[in-house]
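Numbering (our numbering), first residue to last: 46 to 689. Every residue gets a Cβ at the ideal spot worked out from N, C-alpha and C, and that includes glycine. First the structure, in the form of structure tokens, and then the observations on it.
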């Protein structure tokens, strides 16, 4: 056998070394290359010639059948031998169906077994490649397909209609469950192996073939001697001979059990895809259902905090506001889980109150590290602007993942210093760099080790899994921000990991936090949720004595009130019965093009924000919003309207 180029895909160093040693000691003249994760596979195959792949079924970035499917998809016709830690007859059949050539148990391997598996897989791959080429050719020409069926070595049988005597080919006997064909079999011998429910359909096909003289296809089940049920595809045709021989039915049998099983697997995959799609829809609905009452709660608590309260009551309100912040962060994190399985993270930039976001993160991390019995010093630089434009969910997750990585790798004796600051900013360009720095003498990790954690090369699975999760998320999130990540490790100083991400500044012209209306300001609130009606109306009327608020409970009522009255601002909820916010806005602006309308949405996504802007809405606010966010948007919209 010529020299082979063998690629080992194995994250466990010990297993990789064992397989390498077996290959070296075998009779194969093998050139060996080793990678540790599935994402490296395509590059390795493109970089150099690979004759065969030894693939671990459980890798850090993929596991189970998905690993095999992805590998087959990425390497084309290169034969793959799947390696597993235990025997599993069902799994072994499934990986072969997907496209692997063999399934071997790592713990049972020796030189001879590995050599035989590789040789057989190469031979099988060669045959499958040839068969694929033949099938492609057959599919192009129907006449060639019919000729190939006649000469192919399929299970053949013939029946003398007069004597009822049959002839079976050896393969036909095997398909029916016989090691050898019975002596002078008859049609009754054939029938006794047909599934009782399918005998009538077989007889109908035979009768139709006799009447028409054409080839008739039927599909039926047979019951083997051992009780196994197999699916058989059969073609029957009547052959007319001279008077002395009479008429003979000729049949072809083909076992299509595997095809039917593959179809069943396809159905299961489609069902799995539908379940995933339904899960995402449920998550989106949950976001709407949770954010709406959260928005009401925030506004009601804000109103309550402005009333006359004693010290104890004010403390309780402050604690409730802190708890709501934590719940909101938790909701964002739950909705953010779907980002981890995405190949690309979609940014959702919005105006963010950095003080609120960072204080919320600090409270959550303080509680987390107290539970871990570890020391955390979280410092927030005073130079961070009050408001920035960024993706709050991913920025939140970025800080959490960095803290979690240090908690995982650090020690209880050494504290972790986590600092957030502005690295630079430009008022002229209205942009800046937000920096997150983590330092601890208890964390000793070099740049190379960081890369090793990313590629899952360690053998300690418990530590490995958590560390890989946090490391991978840091890299993915930093890339999503178009940011920069740097690691620096020094003796006795520990490890410092710095992440910088670009953000947009909100210029002073846009920040009107302290500004209140000094003239009459009439507002129409179009909102179907009664708690949001109460909370938002109360919030606006507490804001200023010049503010008056009218309420509509659905889009149709909102259109009528907006057209019958004059309002400075219309606050339009987008998800409503009867007529949604999109339709209501369109009807209002068709007749009152200068009406200022602000969108209120429980869904934070760029598509909705872009749609609202194209429709002519002045601003887009995501629930649950802070009171200052609502006030700022209203005042900005009023001033822009007056200036225009």
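*From what residue to what residue does the alpha helix (DSSP H) around residue 41 run?*
Residue 41 cannot be examined here, being either before or after the span of the chain that is shown, 46 to 689.
*Taking C-beta to C-beta, are residue 604 and residue 640 nearer than 8 Å?*
no
_CB contact flag (residue 626, residue 600, <8 Å)_ = The criterion of a C-beta distance shorter than 8 Å is satisfied by residue 626 and residue 600.
*asked:* Which residue marks the beginning of the beta strand (DSSP E) containing residue 690, and which one marks its end?
replied: The structure shown has nothing for residue 690, since the chain only spans 46 to 689.
*asked:* How far does the beta strand (DSSP E) with residue 248 in it extend, from its first residue to its last?
replied: Segment 244-257 is the alpha helix (DSSP H) holding residue 248; no beta strand (DSSP E) there.
*Kindly give me the distance between the Cβ atoms of residue 546 and residue 523, rounded to whole angstroms, as I take these residues to be in contact under 8 Å.*
7 Å
*Evaluate contact between the segment 473-487 and the segment 447-459, counting only Cβ atoms and requiring at least three cross-stretch pairs below 8 Å.*
yes
*Please state whether DSSP places residue 508 in a helix, a strand or coil.*
Because the pLDDT of residue 508 is 45, which lies under 50, any placement of that residue in the model is unreliable, and the number read from its coordinates should be weighed accordingly. Reduced to three states, the DSSP call for residue 508 is helix.
_If I follow the unbroken alpha helix (DSSP H) through residue 408, where does it start and stop?_
399-417
*Taking residue 580 as the reference, which of 537, 633, 677, 345 has the closest Cα?*
345
*Which partner residues does residue 33 have in the DSSP bridge list?*
Here the chain has residues from 46 to 689 only, and residue 33 is not among them.
_If I measure Cβ to Cβ from residue 287 and keep anything under 6 Å in the same chain, skipping five residues before and after, which residues do I get?_
Confidence is the limiting factor: at residue 287 the pLDDT is only 49, short of 50, which leaves the residue's position unreliable and the question unanswerable from this model.
_Residues in the same chain with beta-carbon distance under 8 Å from residue 253, minus the five sequence neighbours each way, listed in chain order, please._
Scanning its chain for C-beta atoms nearer than 8 Å, with the 5 sequence neighbours on each side dropped, one finds around residue 253 the residues 261, in chain order.
*Span of the alpha helix (DSSP H) around residue 120*: 110-120
_Under 8 Å, Cβ to Cβ, is there at least one residue of chain B near residue 405?_
The displayed structure is made up of one protein chain only, and chain B is not part of it.
*Enumerate in chain order the residues of its own chain whose CB-to-CB distance from residue 696 is below 8 Å, with the five nearest sequence positions on each side excluded.*
As shown, the chain starts at 46 and ends at 689. That puts residue 696 outside it, with no answer to give.
*Can you tell me whether residue 62 is buried or exposed, with buried defined as 16 or more other CB within 10 angstroms of its CB?*
exposed
*asked:* Using DSSP's beta-bridge definition, name the partner residues of residue 609.
replied: Residue 609 is not bridged to any residue.
*Using a threshold of 8 Å, state whether the C-beta atoms of residue 645 and residue 619 are closer than that.*
yes
*With DSSP collapsed to three states, give me the class of residue 212.*
strand
*Quick one: any contact between the segment 513-531 and the segment 455-471, if contact means 3 or more CB pairs under 8 Å?*
no
*Please confirm whether residue 238 and residue 274 have their CB atoms less than 8 Å apart.*
Cβ atoms of residue 238 and residue 274: not closer than 8 Å.
*Let me know the alpha helix (DSSP H) ranges lying completely inside the segment 573-631, each 4 residues or longer, listed in chain order.*
575-588, 600-609
*Whole-angstrom distance between residue 165 and residue 80, CA atom to CA atom*: 24 Å
_Would residue 117 and residue 143 qualify as a contact pair, given that the criterion is a beta-carbon distance under 8 Å?_
yes
*At what residues does the beta strand (DSSP E) containing residue 78 begin and finish?*
75-80
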